[in-house]
Structures are given as structure tokens and as C-alpha cells.
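These protein sequences, in sequence, are chains D and X.
Numbered per UniProt numbering, the first sequence spans residues 1 to 552.
Numbered per UniProt numbering, the second sequence spans residues 1 to 552.
No residue lacks a Cβ here, since even glycine has one placed at the ideal position from N, Cα and C.
There are 2 protein chains.
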Amino acid sequence: MATQPELTIQGWGPPSPAAAPRDGDLGGTLPRAARRYLSGELGWTPRATPPVAVDEIDLAPSRLAEDVRARLVELLGADNVRTDRESRLRRAGGKSYLDLLRRRGGNASDAPDAVVLPGTTEETAALLATCSEQGVVVIPFGGGTSVVGGLAGVDPDDRPSIAVDLSRMSSVQSLDVPSSLVTVGPGMRGPALEQELGRAGLTLGHLPQSWEFATLGGYAATRSAGQNSTGVGRFDELVTGLTLATPSGVLELGHPPATAAGPDLLGLALGSEGTLGIITELTLRVRPVPATSAYEGWSFRSWATGLAALQQLSRHDLLPDVVRLSDSDETRANLLMASGAGARALRAGLRVRGHGDGCLLVLGWEGLPSMVQARTKAAASVLRDGGAIRLGRTVAESWKKNRFAGPYLRDRLMDGGLLVETLETAATWSALPTVYDAVRRALRGSLTRDGRRPLLMSHLSHAYPTGGSLYVTVLADRDDDLPLQQWLTAKRAATDALLAAGGTLTHHHAVGADHRPWMEREVGPLGVEVLRAVKERLDPRGICNPGVLLPD
Amino acid sequence: MATQPELTIQGWGPPSPAAAPRDGDLGGTLPRAARRYLSGELGWTPRATPPVAVDEIDLAPSRLAEDVRARLVELLGADNVRTDRESRLRRAGGKSYLDLLRRRGGNASDAPDAVVLPGTTEETAALLATCSEQGVVVIPFGGGTSVVGGLAGVDPDDRPSIAVDLSRMSSVQSLDVPSSLVTVGPGMRGPALEQELGRAGLTLGHLPQSWEFATLGGYAATRSAGQNSTGVGRFDELVTGLTLATPSGVLELGHPPATAAGPDLLGLALGSEGTLGIITELTLRVRPVPATSAYEGWSFRSWATGLAALQQLSRHDLLPDVVRLSDSDETRANLLMASGAGARALRAGLRVRGHGDGCLLVLGWEGLPSMVQARTKAAASVLRDGGAIRLGRTVAESWKKNRFAGPYLRDRLMDGGLLVETLETAATWSALPTVYDAVRRALRGSLTRDGRRPLLMSHLSHAYPTGGSLYVTVLADRDDDLPLQQWLTAKRAATDALLAAGGTLTHHHAVGADHRPWMEREVGPLGVEVLRAVKERLDPRGICNPGVLLPD
Numbered sequence: 001m002a003t004q005p006e007l008t009i010q011g012w013g014p015p016s017p018a019a020a021p022r023d024g025d026l027g028g029t030l031p032r033a034a035r036r037y038l039s040g041e042l043g044w045t046p047r048a049t050p051p052v053a054v055d056e057i058d059l060a061p062s063r064l065a066e067d068v069r070a071r072l073v074e075l076l077g078a079d080n081v082r083t084d085r086e087s088r089l090r091r092a093g094g095k096s097y098l099d100l101l102r103r104r105g106g107n108a109s110d111a112p113d114a115v116v117l118p119g120t121t122e123e124t125a126a127l128l129a130t131c132s133e134q135g136v137v138v139i140p141f142g143g144g145t146s147v148v149g150g151l152a153g154v155d156p157d158d159r160p161s162i163a164v165d166l167s168r169m170s171s172v173q174s175l176d177v178p179s180s181l182v183t184v185g186p187g188m189r190g191p192a193l194e195q196e197l198g199r200a201g202l203t204l205g206h207l208p209q210s211w212e213f214a215t216l217g218g219y220a221a222t223r224s225a226g227q228n229s230t231g232v233g234r235f236d237e238l239v240t241g242l243t244l245a246t247p248s249g250v251l252e253l254g255h256p257p258a259t260a261a262g263p264d265l266l267g268l269a270l271g272s273e274g275t276l277g278i279i280t281e282l283t284l285r286v287r288p289v290p291a292t293s294a295y296e297g298w299s300f301r302s303w304a305t306g307l308a309a310l311q312q313l314s315r316h317d318l319l320p321d322v323v324r325l326s327d328s329d330e331t332r333a334n335l336l337m338a339s340g341a342g343a344r345a346l347r348a349g350l351r352v353r354g355h356g357d358g359c360l361l362v363l364g365w366e367g368l369p370s371m372v373q374a375r376t377k378a379a380a381s382v383l384r385d386g387g388a389i390r391l392g393r394t395v396a397e398s399w400k401k402n403r404f405a406g407p408y409l410r411d412r413l414m415d416g417g418l419l420v421e422t423l424e425t426a427a428t429w430s431a432l433p434t435v436y437d438a439v440r441r442a443l444r445g446s447l448t449r450d451g452r453r454p455l456l457m458s459h460l461s462h463a464y465p466t467g468g469s470l471y472v473t474v475l476a477d478r479d480d481d482l483p484l485q486q487w488l489t490a491k492r493a494a495t496d497a498l499l500a501a502g503g504t505l506t507h508h509h510a511v512g513a514d515h516r517p518w519m520e521r522e523v524g525p526l527g528v529e530v531l532r533a534v535k536e537r538l539d540p541r542g543i544c545n546p547g548v549l550l551p552d
Numbered sequence: 001m002a003t004q005p006e007l008t009i010q011g012w013g014p015p016s017p018a019a020a021p022r023d024g025d026l027g028g029t030l031p032r033a034a035r036r037y038l039s040g041e042l043g044w045t046p047r048a049t050p051p052v053a054v055d056e057i058d059l060a061p062s063r064l065a066e067d068v069r070a071r072l073v074e075l076l077g078a079d080n081v082r083t084d085r086e087s088r089l090r091r092a093g094g095k096s097y098l099d100l101l102r103r104r105g106g107n108a109s110d111a112p113d114a115v116v117l118p119g120t121t122e123e124t125a126a127l128l129a130t131c132s133e134q135g136v137v138v139i140p141f142g143g144g145t146s147v148v149g150g151l152a153g154v155d156p157d158d159r160p161s162i163a164v165d166l167s168r169m170s171s172v173q174s175l176d177v178p179s180s181l182v183t184v185g186p187g188m189r190g191p192a193l194e195q196e197l198g199r200a201g202l203t204l205g206h207l208p209q210s211w212e213f214a215t216l217g218g219y220a221a222t223r224s225a226g227q228n229s230t231g232v233g234r235f236d237e238l239v240t241g242l243t244l245a246t247p248s249g250v251l252e253l254g255h256p257p258a259t260a261a262g263p264d265l266l267g268l269a270l271g272s273e274g275t276l277g278i279i280t281e282l283t284l285r286v287r288p289v290p291a292t293s294a295y296e297g298w299s300f301r302s303w304a305t306g307l308a309a310l311q312q313l314s315r316h317d318l319l320p321d322v323v324r325l326s327d328s329d330e331t332r333a334n335l336l337m338a339s340g341a342g343a344r345a346l347r348a349g350l351r352v353r354g355h356g357d358g359c360l361l362v363l364g365w366e367g368l369p370s371m372v373q374a375r376t377k378a379a380a381s382v383l384r385d386g387g388a389i390r391l392g393r394t395v396a397e398s399w400k401k402n403r404f405a406g407p408y409l410r411d412r413l414m415d416g417g418l419l420v421e422t423l424e425t426a427a428t429w430s431a432l433p434t435v436y437d438a439v440r441r442a443l444r445g446s447l448t449r450d451g452r453r454p455l456l457m458s459h460l461s462h463a464y465p466t467g468g469s470l471y472v473t474v475l476a477d478r479d480d481d482l483p484l485q486q487w488l489t490a491k492r493a494a495t496d497a498l499l500a501a502g503g504t505l506t507h508h509h510a511v512g513a514d515h516r517p518w519m520e521r522e523v524g525p526l527g528v529e530v531l532r533a534v535k536e537r538l539d540p541r542g543i544c545n546p547g548v549l550l551p552d
């Protein structure tokens with residue numbers, strides 16, 4: 001188990017050595033043109049809204065009874081049962097805008113009463129049995145990167161809670177090269193796995209924005225998707241087997257390469273978000289490190305023509321491995337964020353060709369040179385027929401370079417009085433335009449007030465033969481009096497709207513506490529009852545991550 | 001709803017006009033060399049073992065109480081509630097070797113007490129609620145092609161049973177061309193759907209051997225795979241949504257293109273084999289009719305070198321759409337079955353090149369010409385590196401022409417005193433050779449007796465990055481005294497062996513009544529408990545297809 005960098009308590013990432021001073025007007029963070037643009041667009045007044053000092057965060061005393069603590073120490077050893085302030089604060093909630101608002105404001109009411117670190121499946125199963133017997137709530141903790149309140153569920157019975165930190169189970173257990181399968185611990189992160197696989201010429205290739213910190217167990221528990229998932233597949237497609245420790249025993253699920261032996265129980269554990277138990281081992285499909293890769297940018301005159309071209313690529317099985325189509329608002333903002341002569345020339349060139357209000361498409365292909373060449377060529381022909389202009393590699397490489405930067409930038413924007421959050425959904429190609437319009441209308445309606453209005457930047461981030469996902473970044477002047485309510489109201493309006501238009505509740509962020517109120521609309525009342533029946537069998541006392549996924 | 005040909009009561013298919021006289025020595029069915037070969041290999045004495053006449057089949061009187069029948073008539077109309085002999089016999093059991101032995105011997109003890117034909121989801125839901133209330137067992141009936149006893153479960157409470165024939169729900173409900181989605185009734189068959197899709201230039205592309213008779217609802221309920229599934233995907237991957245009517249209400253499952261909103265409930269309905277309710281509607285992913293297709297044969301000197309080459313193709317994402325590698329026993333038998341000068345020349349040519357005991361590989365590519373060309377070329381390079389010889393198109397086209405012929409031939413072989421059955425599994429590339437050896441050893445051990453021995457012909461029928469499926473055809477001299485026991489003993493030995501070696505209980509035939517005793521070994525006791533919890537919630541009185549899938 002290598003030591004891995006930890007996220008800060010009030011934001012993203014280990015503070016970068018090159019971080020700008022947190023001065024509120026974002027002088028060190030954004031180019032001047034971008035600051036001016038944001039002020040104009042949002043009606044935003046740059047101001048310093050820094051977090052409280054970490055030692056001012058309010059943390060209630062641990063409620064874990066001493067006899068229970070002693071039982072846990074007996075089970076796991078004293079080193080692996082922690083109730084100190086730092087351990088508890090670091091496992092409080094996730095990293096949504098709401099999480100950060102709370103933590104920056106000094107509130108850690110969602111912190112666990114203790115943190116425990118089991119080392120094996122057997123220890124985890126024994127821990128769950130003990131907690132079930134003792135009435136202690138259990139919250140699995142991987143990377144702590146949830147943006148949907150996956151770690152912030154409220155127990156209706158208000159029992160003491162422990163975070164089960166999985167960092168002691170974070171190594172490769174076995175590698176079956178002929179079968180392209182690796183078995184790993186749930187606490188392992190992408191970078192460590194890629195490093196180990198790289199030695200055998202292999203890669204997993206799952207690259208969500210949280211890649212530096214999120215864990216493999218977390219990806220499975222939330223049905224994650226990554227930036228390359230159009231090519232390599234969603235994370236749920238990469239999991240071929242897993243071990244789930246539950247209060248009622250251990251499940252060993254999955255049988256690669258494929259089976260018809262009854263309903264898919266593996267698919268029940270994927271996306272269970274800790275409500276059925278704790279994933280203690282995963283077997284994943286890997287592949288050879290691509291021999292070559294090609295990334296390039298294209299431009300469309302409009303969002304509609306861009307979507308139409310992607311739909312054509314998808315129906316002919318010509319989708320690249322990475323597909324990312326920005327709408328004109330996101331394209332404009334991205335081009336403004338890029339400084340330098342190259343960016344200015346690009347903007348001017350696009351204006352001349354009638355794409356001044358255009359939509360940027362980033363595509364990436366990976367694999368054997370001959371296949372990348374054939375796929376690129378066939379796709380280019382479809383794109384040109386769809387009215388696209390090829391922009392070349394620079395703009396795509398620039399996206400690639402900044403692929404993990406978003407959450408770091410969010411901290412700086414929050415320092416300057418901004419609301420900044422994302423939301424996502426997916427819909428069929430037929431429904432996608434309606435969903436796009438509906439979400440934007442709802443967010444604009446909710447966040448426009450007193451001369452302030454939101455900036456909504458959207459992109460299609462994953463494409464499938466049947467449709468695509470939609471990812472929206474929201475910037476607005478923060479309501480300093482009621483910042484939580486400001487976002488909760490907007491989020492509610494957007495979610496109602498996207499569901500009504502035919503979108504799914506979430507394409508890759510999961511349900512958590514934040515989406516839970518809509519779960520019944522997503523799967524129906526009887527669907528919820530089925531999930532409850534499974535939970536009652538595996539977790540009869542309801543200790544496993546209560547307050548997320550399943551509605552009350 | 002078009003009229004569709006019905007399977008005969010005692011065998012496969014409508015009797016072909018060109019069918020040979022059923023004379024027992026197979027003179028009209030097999031070339032002389034093949035007959036001689038079989039006699040020598042098996043110690044088989046050709047003899048006439050014809051089925052009893054259909055009107056001699058023993059059928060017990062219907063046990064459906066008159067008041068219940070009246071309730072069903074009220075619900076569905078008199079035309080759609082049938083208790084006549086012909087209707088009941090036609091829905092008795094499926095088409096496994098055991099099913100055929102029973103039916104040919106005059107036994108129809110598994111016939112339902114009545115056949116009902118609902119026309120809508122609402123009618124089906126009302127029917128299930130009524131049957132639950134009245135204690136009537138419900139067996140969904142699609143094409144009646146199960147080969148694992150999926151229609152032959154025994155109710156532990158011996159209640160009256162009805163077959164729910166889905167042929168009235170067999171049309172296209174809607175077609176969303178931009179999203180590549182079609183919504184259909186569960187009773188529709190492949191040929192009818194392909195005909196309708198063809199008008200829009202689209203295809204589903206799911207082609208199992210039962211294609212002429214099996215239904216789309218049946219594919220979903222059993223997690224079917226077809227001959228092109230390596231390319232187009234298993235049937236469970238083609239289903240993006242379905243409606244499941246249960247005794248407790250209706251579930252609407254699935255949200256294309258993809259979702260992270262909790263565990264996969266759609267995956268629970270797929271493979272549920274009628275034990276949770278009845279599928280009344282399906283939404284399926286379709287694709288454009290391929291612009292071109294290329295099929296070709298290759299030869300390997302051995303099974304091991306063939307597997308190694310397929311494993312190389314799979315890890316580099318170079319698998320063709322159709323992949324079928326025969327072992328040397330199947331290759332030899334296939335070449336003997338093919339008569340004519342071309343076949344003789346092929347056999348001679350292979351002998352000269354040291355492939356006299358070789359393994360035939362059939363590959364097929366479909367899609368855009370430029371992509372088929374690039375994929376074919378890249379694959380050929382890997383195959384040649386793996387020691388393969390290209391045989392050209394003839395042998396592959398011949399396989400394609402006969403792709404649905406197997407079950408027709410089975411009837412003729414059964415007329416001549418032969419045991420003829422298939423079984424299948426799947427395993428990782430690492431485990432596959434061990435599974436292959438274990439299954440063959442078990443079958444040989446069980447079926448070798450008194451100078452008689454089995455002929456085992458195997459092929460890998462579906463390839464995945466992580467492994468492949470194994471399909472074994474078994475021929476042996478039938479034990480005329482205890483034919484059922486002869487196969488049950490062999491099947492038990494083979495299943496124990498393949499599970500112990502790491503194979504899955506079934507790759508695409510499903511569980512049914514035949515594999516049910518091993519279900520706990522496949523998913524574990526707690527896995528069975530989870531399935532039971534779901535069933536108890538949806539089907540509290542256990543009326544839905546009892547005696548299949550879930551062990552006692």
C-alpha cells in the first residue's frame with residue numbers, strides 16, 4: 001500500500017505549490033478577459049469569501065459508546081479505530097458544492113463518530129455483523145470525492161456512525177494477463193493501478209475528473225463513467241466480478257466472460273452506493289496500453305448540427321474513444337480562458353468561417369495504428385458531411401492537459417463569491433435537444449434575480465448508439481445570505497425539468513443523498529420496493545449508508 | 001400479428017417438404033461416409049426408434065376449476081382461454097433432448113391445464129393478479145424452444161397451471177430511428193422483426209440457432225446469445241428497456257442510453273426466466289443493415305493454437321462479428337458431412353499441409369466497407385502470426401447456409417437410435433483449456449459402456465476480451481431401456497466437472513429446471529437468498545414459473 005495524497009478538508013486536492021494567493025478577485029487564477037466576461041455575464045461582484053480556518057470547524061464529540069469502540073479495537077486493532085478530530089474531519093461528507101459550502105462555513109455535522117480501517121474481506125464482514133448487532137451506521141469511505149452527497153446521508157434513527165476507510169485494501173491481488181483481468185482492493189486509486197498495470201504493458205483506462213483521488217471501489221459503487229468511457233466502456237462494464245461484504249454475509253458476484261445463469265446479481269451490487277454492504281475486492285477488465293493515440297478538435301456551426309453528426313457516427317459504430325461536444329456557451333468560455341496568440345488566432349479564424357458562435361468537438365482515438373487510422377478517416381468523412389471544420393490537435397491536446405483541473409479551479413472561484421456546481425444526465429438522441437433546453441430554462445429561471453443571471457456551459461461527454469450524456473457547469477453570483485438554498489432551489493428545478501423531458505436522474509454522478517428524492521420517479525414505486533427487499537435481506541437493521549439512494 | 005409457423009409437438013420445425021423418409025438408418029439424411037463414421041466411432045447400431053403417433057400421447061384432463069376458467073374468460077375473452085388437447089400439447093415443455101424423449105414416448109405430463117393469450121400489459125397484469133389470488137401457476141410461453149427445461153418446472157404444491165402464450169403481443173410498437181431503438185411485443189419473432197426493420201434499412205442482428213421460432217421476450221428472459229453476438233452483443237446488451245408485469249404490479253425498467261441511478265433493475269428482469277413475472281414489452285437497440293459482409297474460413301493445426309490466436313485478437317479489440325472455432329473432432333465430422341469434390345479436395349489439401357487433424361475457424365465481419373477491410377486485414381495478420389491458414393469463403397458460406405439446421409437434423413438422428421444433445425458454458429481464456437478437458441473427460445466417462453462411446457464435437461462460439469464460450473454436441477448410441485437416465489447421468493457429470501474447472505453454469509441456454517440444482521454453486525447461498533427476496537416481493541404466492549431457476 002503506497003501512501004497517497006489526501007484531499008484537503010475544505011476543498012479539492014493537496015494545495016498546489018503554484019496556487020495563486022486566495023485574494024477573491026481571482027487575479028492569479030483567471031485571465032483578465034475571462035474575469036471581465038464573467039462579471040458582465042453574471043452580474044457578479046468579485047469579492048473575498050474565504051473559508052473559515054480549519055481549526056474553527058465545529059465538530060461534535062464522538063458518540064461512539066466506549067464498549068462498542070472496544071469491540072471494534074478488538075476486531076481491527078487500536079491503530080485502525082480512530083476518533084481523533086483530523087481523522088473524522090477528513091471523512092466528513094464528499095466534495096459537492098453543498099459539501100464545500102458547509103465545510104468552508106465551519107460546519108462538519110456530517111462527520112462520522114469514528115473512522116475504522118479493515119484490512120480484509122473477513123474483517124469487513126465481521127465489522128458489519130458487529131455494527132448491525134450494535135446499531136452503528138456504516139459509511140464506506142474510498143476517495144471521498146462524491147458530488148451527490150454519497151457520504152452525507154442522514155440516518156433517520158440518528159445512530160452513531162463510523163466511516164469505513166478502505167485505504168488498507170488498496171493493492172493488486174492478482175493479474176491474469178491472457179484473460180485481461182486484474183483483481184484489486186477497493187481502496188486502490190487509478191494512478192497506482194495504472195502504474196502497476198503499465199509494467200505489464202496494460203491499462204484500465206478509466207479517467208473521470210476525480211481520477212487522482214477517487215478509488216476503484218467507489219467507481220463500482222456509483223457506476224462511474226470516465227472521459228474515455230465512450231471507447232473503453234463505463235466502469236460498470238469494466239467490472240467482471242466483485243466481493244460484497246454485507247451484514248448478512250459475503251457475496252461473490254460475476255462470472256467472466258459472460259453468463260446466462262439467472263438475473264445479473266453483479267449489476268445489483270454496482271451502483272448500490274454502500275447501501276447493501278461494502279465492496280472488498282474487484283476484478284476488472286484491462287487492455288494493452290494503446291500503441292498510438294490521436295486527439296483532435298473540430299468545430300460545428302451549432303449544437304444541433306454537432307449532435308446530428310455524433311448521432312451519425314454512433315449509428316455506424318464509428319464513435320471515437322473520447323467524444324466531447326461543447327455548446328456555444330462552453331466553447332466561448334473555454335476560448336476566453338485560453339490566453340496567448342494561438343487562442344486569439346483560433347477565435348479570429350472561426351469568426352471568419354461563420355463559426356464565431358460555434359461548438360467545439362474534442363475527439364480522441366486510441367489503439368493499433370492501422371485501426372486508429374481507418375476509424376479516424378471514416379469518422380472525418382461523416383463529420384465533414386455534417387458541416388464540421390477540422391481544427392487540428394492543439395485545441396484537443398489543451399483539453400487533455402487540463403482534464404483534471406476543474407475541481408481545483410472551483411475552490412478559487414468559490415473564494416471569489418461565486419456559486420459553481422455541475423450536474424449531468426443522459427437521454428436518447430431523440431430526447432437530448434429537449435432535455436438540453438429544459439435544463440437550461442429551469443436553471444436560468446431559478447438563478448436569474450436582481451440583475452444577476454447564471455452562466456450555463458454544457459457539453460455532451462459520452463456518446464452511445466442510442467443517445468448521449470449531458471454535463472452542465474453552472475456559474476452564478478453567490479447569494480451570501482442563503483447560499484445552500486440558492487443551489488438547492490436551482491437543482492430541484494433542473495432535476496424536475498430534465499426528468500420530465502426524458503433524461504435520466506444521473507448518468508455518472510450517482511444518486512447519493514442529493515438525488516434520492518427523485519429515485520421513485522426514476523425506477524417507479526415497485527422498483528424502489530424491489531431495492532428495499534434486497535436491502536432488507538442483506539442489511540436487515542439498515543446500518544449500511546442510510547439516507548442515500550433509497551427514498552424514505 | 002402475422003401468422004407464424006408452429007413447431008411440431010414432438011420435434012423441431014414444421015416438417016420440411018424435402019424431409020427424408022424416417023427410416024431409422026438415416027439413409028436420406030447422412031452421407032454414407034458419415035453413417036459409417038458414426039457407426040464406427042460410437043458403436044452405434046442404426047435402428048428405427050420413431051415417436052409414437054401424436055394422438056397416442058397421454059394427456060391428463062385439465063385441472064383448471066370451472067370458476068377460475070370463467071374468471072379468465074371474463075378477463076381475456078373466450079377465444080383466448082383454451083383447454084383443448086392440441087393447444088395444451090403444443091405448449092407442453094420445450095425442445096431439449098429430454099423434452100423430445102418424453103414427447104416421442106407419449107408422455108405430456110408437463111402440459112399446462114390451459115393456455116391463455118393476453119393482448120396487453122394491463123391484461124397480463126390483471127391475469128397475474130387473478131392467478132396469484134386463485135393459486136394458479138403461470139408459465140410464460142414464447143417460442144417454446146427452451147433446451148434447459150425452462151417450460152418444464154415442477155410446482156412443489158402441484159397447483160393447476162396455465163401457459164401464457166404471448167403470440168397476441170407480437171408487433172412493433174414504435175421505432176425511434178435517430179436513437180436506433182425499436183419497441184416490440186414479447187411474442188414477436190426474429191424473422192418478423194427483421195422484415196419490419198429492413199424496410200427502414202435497420203436490423204437487430206440477433207441470430208441464435210432457434211431464430212426461426214424463438215421470441216424476443218424469450219431471448220430477454222433467458223439472456224440469449226446469437227451467432228453474431230461477438231459483434232452485435234449478447235441479447236441482454238441489446239435490451240435497453242422492458243416492461244415486466246408481475247403479480248404485485250408493473251415494472252418499467254431501463255433508461256437508455258445509460259444511467260447511474262442505482263443498481264441495475266433491468267438486469268434483474270433479464271434472465272429471470274418467468275420467475276418474477278411476464279415481459280410484456282421490450283425496447284431494443286437496432287443498427288443499420290450492414291453495407292457489406294465478409295465471411296471466411298481459417299484452419300489451425302490444433303485447438304490450443306486456435307484459442308491462443310483468438311485470445312490475441314480479443315485483447316487487441318480485433319474480434320470479428322462472428323467467431324466460431326471447432327475442435328478437431330467437430331472439424332473432422334463437419335468435413336465428413338460435406339459431400340462432393342470440393343470437400344474432398346479441401347480435406348486432402350489440409351492433410352498435405354499438416355492440418356489433417358486441424359481445427360476449423362469461421363469468421364465473419366459486417367459493417368462499412370472501409371472498416372470491414374481494415375478489421376479483416378488487421379485480424380489476418382494476427383491469425384497468420386498464430387500459424388493459421390486461410391481457407392477462403394466457401395467453407396464459411398457453407399456454415400452460414402446451414403446455421404439453423406442442427407435441430408432439424410436432431411429429429412432424424414433420434415429416429416435412428418441416437419442420443420443427441422448439446423451443452424455449453426463459458427470461461428476465461430486462462431480457464432478455457434481446463435474446462436474443455438474436464439467436460440470431455442466427464443462425458444466420455446459417463447457415456448462409454450459396453451463397447452459404446454460418445455462422439456464429442458466442441459466449438460468456441462462467442463469470444464470476449466476476457467474469455468470465450470464452449471459449446472459441445474454429444475452423440476451416442478441411445479440406451480433404449482433408460483434413455484432419460486443415460487443423459488441425466490452424463491449431464492450431471494459434465495456440469496459438476498465444468499463448474500469445478502471454473503466454467504459458468506450456462507453461457508446462453510439459461511438455467512431452467514435442468515440447471516437449477518447447480519444454481520447455488522453458481523451464485524452462492526446468499527446470492528440465491530437475494531433472488532428469493534426479490535421473488536417474494538414480486539410474486540408472494542410463488543405462482544410464476546415455479547421449479548425453474550431457483551433451487552428448492
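- The continuous beta strand (DSSP E) containing X/S458 extends over residues 455-464.
- In summary, the residues of the segment 490-509 of chain D whose CB is separated from some CB of chain X by less than 7 Å are T504, L505, T506, H507, H508, H509, in the order they occur in the chain.
- In the DSSP assignment, the residues bridged to X/D477 are X/L418.
- D/L538: member of the alpha helix (DSSP H) spanning 519-538, first to last residue.
- As the crow flies, the alpha-carbon of X/V148 is around 15 Å from that of X/A225.
- Contact annotation: in the segment 189-213 of chain D, no residue has its CB less than 7 Å from a CB in chain X.
- DSSP, read as helix, strand or coil, puts D/E296 in strand.
- Here the alpha carbons of D/H508 and D/V250 stand approximately 27 Å from one another.
- Using a Cβ-Cβ cut-off of 8 Å, X/V472 does not count as an interface residue toward chain D, since no Cβ of chain D sits closer than that to its own.
- The DSSP assignment places complete beta strand (DSSP E) segments of no fewer than 3 residues inside the segment 222-279 of chain D at 239-246, 249-253, in order along the chain.
- By alpha-carbon distance to D/G387, the top candidate from D/A309, D/V435, D/L318, D/D437 is D/A309.
- Judged by DSSP in its simplified three-state form, X/R403 adopts coil rather than helix or strand.
- For the segment 457-484 of chain D, the residues whose beta carbon sits under 9 Å from a beta carbon of chain X are, in order, H462, A463, Y464, P465, T466, G467, G468, S469.
- Its chain contains S224, G226 as the residues whose beta carbon lies nearer than 6 Å to that of D/P208, once the 5 sequence neighbours on both sides are disregarded; these appear in chain order.
- Under a 10 Å Cβ-count criterion, X/P256 is classified as buried, with 16 or more other Cβ atoms of the shown protein chains found around its own Cβ.
- DSSP, reduced to helix, strand and coil, places D/T495 within a helical segment of the structure shown.
- Within its own chain, the residues whose Cβ lies closer than 8 Å to the Cβ of X/L413, once the five positions on either side in sequence are excluded, are L26, T29, V420, L475, listed in chain order.
- Below the 9 Å Cβ cutoff, chain X contributes no neighbours of D/E520, its closest Cβ being approximately 11 Å away.
- If the five residues before and after D/S132 are omitted, its C-beta is found closer than 6 Å to the C-beta atoms of P247, R541, I543, all from its own chain and listed in chain order.
- When DSSP states are grouped into helix, strand and coil, X/V182 belongs to the strand group.
- One Cα belongs to X/L76, the other to X/G467, and the distance between them is close to 47 Å.
- Per the coordinates, the alpha-carbon of D/D110 lies some 19 Å from the alpha-carbon of D/P551.
- According to the DSSP secondary-structure assignment, X/P140 is paired through a beta bridge with X/V164.
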